[in-house]
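In my numbering, the protein residues as written are 1160 to 1367.
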């Protein structure tokens, strides 16, 4: 009987240790599950924050690209406007300079003491034609009213053809002819270096 009680006691102690061990294992499992859930929840928060930051970065990147494109466009437009402004200033300067030079040339042609067209002696062939008596007058500007031939002398040979609206200056003419004393190249007045004549019917006087 005593041995039976001892055996029962030993078995009871052994079962108690096993129960304690199982309970400890269950506690560890529960703790691990709790830790896992906490980590998973925290990881989810980090993933959400990371996704939110990524979206923000994409928005900021697009905005930076948009501003960069707008800046380049504005810089290009500014450069174009600067070039146009400089071109306008240069054109205005050249026009004003040409106007002054032209006025000086016109004035010089009318001054007797510095007249670049002194009294002309008519060639023999002109002297034979009384209807083509040459006269001098105050220097004026003319314009072609049609495309017309240019001659090397009165009743001479054709050496060129000028387009309609071409402008030139003169202070010598006859009844049927006008001498070209100067003309414009790229809006700049230049004196004629050789005899140039045009029929009076092909040109008209420009209004000053």
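Using N, Cα and C, we set each Cβ at its ideal position, and we do this for glycine too.
For residue 1310 and residue 1364, believed in contact at Cβ under 8 Å, the rounded distance | Here residue 1364 refers to the residue found at position 205 of the chain shown. Here residue 1310 refers to the residue found at position 151 of the chain shown. For a cut-off of 8 Å, the C-beta gap from residue 1364 to residue 1310 is around 20 Å, too long to register as a contact.
Over what stretch of residues does the beta strand (DSSP E) that includes residue 1349 continue unbroken?
-> The residue given as residue 1349 occupies position 190 in the chain shown. Counting along the chain, the beta strand (DSSP E) containing residue 1349 begins and ends at 1347-1350.
Do residue 1298 and residue 1361 have their CB atoms nearer than 8 Å?
-> In the chain shown, the residue the question calls residue 1298 occupies position 139. In the chain shown, the residue the question calls residue 1361 occupies position 202. Contact flag unset, no.
The beta strand (DSSP E) with residue 1329 in it runs from where to where?
-> As a position in the chain shown, residue 1329 is number 170, starting the count at 1. Residues 1326-1332.
Cα-Cα separation, residue 1292 to residue 1313 = Taking the chain shown and counting its residues from 1, one reaches residue 1292 at position 133. Taking the chain shown and counting its residues from 1, one reaches residue 1313 at position 154. C-alpha separation (whole angstroms): 11 Å.
Grouping DSSP H, G and I as helix and E and B as strand, with all else coil, what is residue 1374?
-> The question about residue 1374 has no answer here: the residues shown for the chain are numbered 1160 through 1367.
Could you give the C-beta distance for residue 1337 and residue 1329, rounded to a whole number, given that I count them as a contact under 8 Å?
-> By 1-based counting over the chain shown, the position of residue 1337 is 178. By 1-based counting over the chain shown, the position of residue 1329 is 170. That belief holds up - the Cβ atoms of residue 1337 and residue 1329 are roughly 5 Å apart, short of 8 Å.
Where does residue 1243 sit, in a helix, a strand or coil, going by DSSP?
-> Start at 1 with the first residue of the chain shown, and residue 1243 comes out as number 84. Three-state DSSP puts residue 1243 in a helix.
First through last residue of the beta strand (DSSP E) which encompasses residue 1338 | Taking the first residue of the chain shown as 1, we reach residue 1338 at position 179. Start and end: 1336-1338.
Buried or exposed: which applies to residue 1332, given that a residue is buried once 16 or more other Cβ atoms fall within 10 Å of its Cβ?
-> The sequence position of residue 1332 within the chain shown is 173, counting from 1. So residue 1332 ends up on the buried side.
Through-space distance from residue 1199 to residue 1227, alpha-carbon basis | In the chain shown, residue 1227 corresponds to position 68, counting from 1. In the chain shown, residue 1199 corresponds to position 40, counting from 1. Approximately 41 Å between the Cα atoms of the pair.
Just grab the DSSP bridge partners of residue 1320 for me.
-> Locating residue 1320 in the chain shown gives position 161, where the first residue counts as 1. For residue 1320, which the question treats as bridged, DSSP gives the partners 1308.
Tell me where the beta strand (DSSP E) around residue 1315 begins and ends.
-> One-based indexing of the chain shown puts residue 1315 at position 156. Element bounds for residue 1315: n/a, residue is neither H nor E.
Could you say which of 1244, 1323, 1334, 1315 lies nearest to residue 1296 if we only look at CA atoms?
-> Sequence index remark: in the chain shown, residue 1296 carries index 137 (1-based). Nearest of 1244, 1323, 1334, 1315 to residue 1296, Cα basis: 1334.
State the beta-bridge partners of residue 1300 as determined by DSSP.
-> As a working mapping, residue 1300 is identified with position 141 in the chain shown. Answer by DSSP bridge pairing, in chain order: 1328.
What residue from 1294, 1319, 1323, 1231 has the CA that sits closest to residue 1304's CA?
-> For the purposes of this step, residue 1304 is identified with residue 145 of the chain shown, where counting begins at 1. Taking only the C-alpha atoms, the option nearest residue 1304 is 1323.
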